[in-house]
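To start, the structure itself, in structure tokens.
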Amino acid sequence: MRMGTRKLLDRSFTVGACFAVTLMTLFLLLVIVPIFGKGAGAYVFRGTVEYRRMMLGEFGRGDEARIRPEWEAVRQARRPIYEAMAAFERELPDLPAARRKELRPAFKVVREGLAALLGPEPGSALPVLPRKMYGQTRWEQAKEKAADILFEETWDYSGDESVKVLVPRQPLFEGTALAPVFPLLEKELEALMRPRLTFYPRFLTDRSVDAHFFGGIGPEVLGTVYLALGAMLVAVPLGIVAAIYFQEYAKEGPVLTFFRSCVNTLAGVPSVVFGLFGLAFFINTMRVSQGKSVLAGALTLALLVLPTVIRSSEEAIAAVPRAYKEGALALGAGQWRTILTVILPAALPGILTGIVISMGRAAGETAPIIFTAAVSVGQFVRLPEVLSQSTPALSWNLYNLCTEHEAVDEIRHVQYGMAATLVLIVLALNLTAILIRARVAKRLKG
Amino acid sequence: MQETQAHVEAKAFSVYYGAHEAVRRVNLAIPSGQVTAIIGPSGCGKSTFLRAVNRMNDLIPGCRASGELVFDGKNVYGGDVDTAVLRRRIGMVFQKPNPFPKSIYDNVAYGPRLHGNPSKGELDTIVEESLVEAALWDEVKDRLAKNALGLSGGQAQRLCLARALAVKPEMLLMDEPTSALDPKATARIEELIVQLRGRYTIAIVTHNMQQAARVSDMTAFFYEGDLVEFDATKDLFTCPKEKQTEDYITGRFG
Numbered sequence: 251m252r253m254g255t256r257k258l259l260d261r262s263f264t265v266g267a268c269f270a271v272t273l274m275t276l277f278l279l280l281v282i283v284p285i286f287g288k289g290a291g292a293y294v295f296r297g298t299v300e301y302r303r304m305m306l307g308e309f310g311r312g313d314e315a316r317i318r319p320e321w322e323a324v325r326q327a328r329r330p331i332y333e334a335m336a337a338f339e340r341e342l343p344d345l346p347a348a349r350r351k352e353l354r355p356a357f358k359v360v361r362e363g364l365a366a367l368l369g370p371e372p373g374s375a376l377p378v379l380p381r382k383m384y385g386q387t388r389w390e391q392a393k394e395k396a397a398d399i400l401f402e403e404t405w406d407y408s409g410d411e412s413v414k415v416l417v418p419r420q421p422l423f424e425g426t427a428l429a430p431v432f433p434l435l436e437k438e439l440e441a442l443m444r445p446r447l448t449f450y451p452r453f454l455t456d457r458s459v460d461a462h463f464f465g466g467i468g469p470e471v472l473g474t475v476y477l478a479l480g481a482m483l484v485a486v487p488l489g490i491v492a493a494i495y496f497q498e499y500a501k502e503g504p505v506l507t508f509f510r511s512c513v514n515t516l517a518g519v520p521s522v523v524f525g526l527f528g529l530a531f532f533i534n535t536m537r538v539s540q541g542k543s544v545l546a547g548a549l550t551l552a553l554l555v556l557p558t559v560i561r562s563s564e565e566a567i568a569a570v571p572r573a574y575k576e577g578a579l580a581l582g583a584g585q586w587r588t589i590l591t592v593i594l595p596a597a598l599p600g601i602l603t604g605i606v607i608s609m610g611r612a613a614g615e616t617a618p619i620i621f622t623a624a625v626s627v628g629q630f631v632r633l634p635e636v637l638s639q640s641t642p643a644l645s646w647n648l649y650n651l652c653t654e655h656e657a658v659d660e661i662r663h664v665q666y667g668m669a670a671t672l673v674l675i676v677l678a679l680n681l682t683a684i685l686i687r688a689r690v691a692k693r694l695k696g
Numbered sequence: 004m005q006e007t008q009a010h011v012e013a014k015a016f017s018v019y020y021g022a023h024e025a026v027r028r029v030n031l032a033i034p035s036g037q038v039t040a041i042i043g044p045s046g047c048g049k050s051t052f053l054r055a056v057n058r059m060n061d062l063i064p065g066c067r068a069s070g071e072l073v074f075d076g077k078n079v080y081g082g083d084v085d086t087a088v089l090r091r092r093i094g095m096v097f098q099k100p101n102p103f104p105k106s107i108y109d110n111v112a113y114g115p116r117l118h119g120n121p122s123k124g125e126l127d128t129i130v131e132e133s134l135v136e137a138a139l140w141d142e143v144k145d146r147l148a149k150n151a152l153g154l155s156g157g158q159a160q161r162l163c164l165a166r167a168l169a170v171k172p173e174m175l176l177m178d179e180p181t182s183a184l185d186p187k188a189t190a191r192i193e194e195l196i197v198q199l200r201g202r203y204t205i206a207i208v209t210h211n212m213q214q215a216a217r218v219s220d221m222t223a224f225f226y227e228g229d230l231v232e233f234d235a236t237k238d239l240f241t242c243p244k245e246k247q248t249e250d251y252i253t254g255r256f257g
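Line order of the protein sequences matches chains G and P.
Residues 251 to 696 (our numbering) make up the first sequence, in order.
Residues 4 to 257 (our numbering) make up the second sequence, in order.
Below, the structure written as structure tokens:
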């Protein structure tokens, strides 16, 4: 090949590779940045007085001596609103019928909006659901709710494309007792809600209140930890023993080739199939538990990551210099002793890397646990209950909260917080793997 | 010291790799307490023979032996031989230094820990004695806890020697122990071999004929699996009886 052609090929390869790498990085950033940006909102946000009231009421947290006066001040600030509503209700029957017909549904919207924003009206019966006991706990959502009251959302179909138009509600109520409420909501919202920068690190460990309307993702995190650790507890000993067998004991031949290809095939099976298998085998056939349980989920995940553990352990063992083995054997060590004292310690970093990466995989898998372990709403599972209890888990509940929750829009921060937490856990595990690998390289250099 | 007493004796001993006969009906008596060098061109079966003595060839699939190889009055390939015991009594130093990725101390203590349950004090003594015997003590006594992989090639090889000596073997097999070392480190190992002579029976495979001439009492010349000549070193190098030996030591092939 001529020099010019060769250089051209070289260069075009470089350009192509750079393009691919850049594209990958961009996509990664495109995914990671919003997840972490918005996910951080679950931990750090502007919390309203309703947040502090909710924390005190549901979790018994916060300084009551400070919250009480603040709450009193807020109630004072809100009083004109409720007074205006009461006055409006009194004058409503005396208005002309046409005006009444026009105002009544609008008033209903305003009243419901105010209940969502500020919580139940003073003097009304305490609602059953916690989500109705408190107003908006987060400032950005409070602003949205206030806007819902101030403006009516309509669509303008006159043009070629339909356009969303926000029509102020205030003019409709002009001249009635309710009219002063609108400027109050528009200008005094801070006094009504008292937003303050809030750190909520316990989002990670708190139980959720009323299907994730309030509280944290503790049960999900714990469930994920149980499932990942449980899977490792089963997969690691089995995987290492299998790897030792393949590398040190098994004789090359058709049987070994068959078993090897079985392991490799297992690695390529879609995870949803593992889920179905787990349900059919562990729950329906083996009856390890009455129904879904952490145990069944962990066993299924263990099967899923087993090929990875076996392969990485095999590679690590194969990478141990033969000379170590010969050295030990020449000193009179038996095969098992050689494996335990020389080969496994030398292979350990590689094996650990495989284990940590598998653990990240087990923590993130969704399909296998849908069938065998996960429930959408759940409490903390205590350790003795893992044998029989199902559990919520980050991966499955993330999907569940984004698609099947009754108020998907209200809990965006929980969804993002959950996604960010899951990504962080997996990233942290992978980072551990990288660190282990780096330490090995150092150790092998001496 | 009885010079005539054989420590290892091969009687019509053959080693096969599959169908290939790598060592062919060799009769050879390695005298006790002396240094016996085994020389010959690459692929002549000298390493195979050496590794047969402590049955390291067992690791190679398809490798088998016939005839007799007697160590201390007993056939090494007899049915009732415990290879672990055999290998404890016959130490080995390999071509490439192969310290374990452990501390210097743990490397030397590996063998003693394997074959008994020595106390910390006993172990300390064994480690020191072995390192002194391998002429490494002064260089490493301050860093016994350091990883052995940090040692230089020559030091690592002496550590391997100390590791082999720590289990108190009767015999040492050396498989080209200096081929991976520089001349200075080689000289130190050779000095050591001379010092260890008498205390241990030593069999050394080497490519380096000067080395064989310098350190050994007896020399065996292997060629294509056959033992061509076996004689006192000074005789073999000065007046070889066989034409092939003469050709080899004069450098006509190799």
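A virtual CB, placed ideally from N, CA and C, is assigned to each residue, including glycine.
Looking at the unbroken beta strand (DSSP E) that takes in residue i, where does it start and where does it end?
i, result
"Asn-30 (chain P)", "23–34"
"Phe-449 (chain G)", "446–449"
"Met-221 (chain P)", "221–226"
"Ile-41 (chain P)", "38–42"
"Arg-90 (chain P)", "Counting along the chain, Arg-90 (chain P) falls outside any beta strand (DSSP E), though it belongs to the alpha helix (DSSP H) covering 86–92."
"Pro-276 (chain G)", "Looking at the sequence itself, residue 276 (chain G) is Leu, so the reference to Pro does not match. From DSSP, Leu-276 (chain G) is part of no beta strand (DSSP E) but of the alpha helix (DSSP H) over 253–289."
"His-462 (chain G)", "First-last for His-462 (chain G): undefined, no H or E at that position."
"Glu-142 (chain P)", "Element bounds for Glu-142 (chain P): not the beta strand (DSSP E) but the alpha helix (DSSP H), 140–143."
Taking the straight line between their C-alpha atoms, what separation do you get for residue i and residue j?
i, j, result
"Pro-492 (chain G)", "Ala-569 (chain G)", "The amino acid occupying residue 492 (chain G) in the given sequence is Ala; Pro does not appear at that position. Looking at the two C-alpha atoms, the distance is approximately 16 Å."
"Arg-349 (chain G)", "Ala-429 (chain G)", "15 Å"
"Arg-325 (chain G)", "Pro-372 (chain G)", "9 Å"
"Leu-154 (chain P)", "Arg-191 (chain P)", "15 Å"
"Thr-264 (chain G)", "Ala-270 (chain G)", "10 Å"
"Val-96 (chain P)", "Leu-184 (chain P)", "13 Å"
"Leu-422 (chain G)", "Ala-347 (chain G)", "15 Å"
"Phe-240 (chain P)", "Pro-44 (chain P)", "16 Å"
"Gly-21 (chain P)", "Gly-228 (chain P)", "15 Å"
"Pro-469 (chain G)", "Met-609 (chain G)", "19 Å"
Pick out whichever of the options has its Cα sitting closest to the Cα of residue i.
i, options, result
"Val-281 (chain G)", "G:Trp-586, G:Val-673, G:Trp-405", "G:Val-673"
"Ala-165 (chain P)", "G:Leu-581, G:Pro-642, G:Met-251, G:Glu-656", "G:Leu-581"
"His-462 (chain G)", "G:Leu-549, G:Thr-616, G:Ala-396, G:Glu-660", "G:Glu-660"
"Cys-47 (chain P)", "P:Val-208, P:Lys-244, P:Phe-240, P:Gly-157", "P:Val-208"
"Val-360 (chain G)", "G:Val-417, G:Glu-635, G:Asp-398", "G:Asp-398"
"Ile-63 (chain P)", "G:Pro-469, G:Lys-501, G:Val-475", "G:Lys-501"
"Thr-426 (chain G)", "G:Asn-514, G:Tyr-293, G:Glu-352", "G:Glu-352"
"Leu-447 (chain G)", "G:Lys-358, G:Thr-682, G:Val-283, G:Gly-297", "G:Gly-297"
"Asn-57 (chain P)", "P:Asp-145, P:Thr-236, P:Ala-206", "P:Ala-206"
"Ala-623 (chain G)", "G:Leu-276, G:Trp-405, G:Leu-400, G:Ala-481", "G:Ala-481"
In or out: residue i buried (at least 16 other Cβ within 10 Å) or exposed?
i, result
"Arg-316 (chain G)", "exposed"
"Cys-268 (chain G)", "exposed"
"Tyr-499 (chain G)", "exposed"
"Cys-66 (chain P)", "buried"
"Thr-255 (chain G)", "exposed"
"Ala-323 (chain G)", "exposed"
"His-10 (chain P)", "buried"
Can you pull the chain G neighbours of residue i, defined as C-beta to C-beta under 7 Å?
i, result
"Ala-183 (chain P)", "Ordered by position in chain G, no residue passes the 7 Å Cβ test against Ala-183 (chain P), which lies about 11 Å from the chain."
"His-118 (chain P)", "Gly-582"
"Arg-217 (chain P)", "Chain G residues near Arg-217 (chain P): none, gap ~25 Å exceeds 7 Å."
Ends of the alpha helix (DSSP H) at residue i?
i, result
"Asp-238 (chain P)", "236–241"
"Met-482 (chain G)", "468–494"
"Pro-355 (chain G)", "347–368"
"Pro-319 (chain G)", "314–341"
"Lys-99 (chain P)", "Run containing Lys-99 (chain P): none; DSSP gives neither H nor E here."
"Glu-440 (chain G)", "439–443"
"Val-111 (chain P)", "107–118"
Closer than 9 Å by beta-carbon distance: list the chain P residues that pair up with residue i, in chain order.
i, result
"Glu-700 (chain G)", "Any question about residue 700 (chain G) goes unanswered here, given that chain G covers just 251 to 696."
"Ala-688 (chain G)", "Near Ala-688 (chain G) there are no residues of chain P at all, since even the closest Cβ is about 16 Å away, more than 9 Å."
Which residues of chain P have a Cβ atom closer than 7 Å to the Cβ of residue i, listed in chain order?
i, result
"Val-592 (chain G)", "Phe-103"
Against residue i, what residues of chain G qualify as contacts under a CB-to-CB distance less than 9 Å, listed in chain order?
i, result
"Arg-90 (chain P)", "Leu-579, Ala-580, Leu-581, Gly-582, Ala-583"
"Val-170 (chain P)", "Leu-581, Gly-582"
Given that residue i touches chain P, what residues does it touch there, using C-beta distances under 8 Å?
i, result
"Ala-596 (chain G)", "Phe-103, Pro-104"
"Arg-587 (chain G)", "Leu-117"
"Ala-573 (chain G)", "Phe-97, Lys-99, Asn-101"
Can you pull the chain G neighbours of residue i, defined as C-beta to C-beta under 8 Å?
i, result
"Ala-87 (chain P)", "Gly-582, Ala-583, Gly-584"
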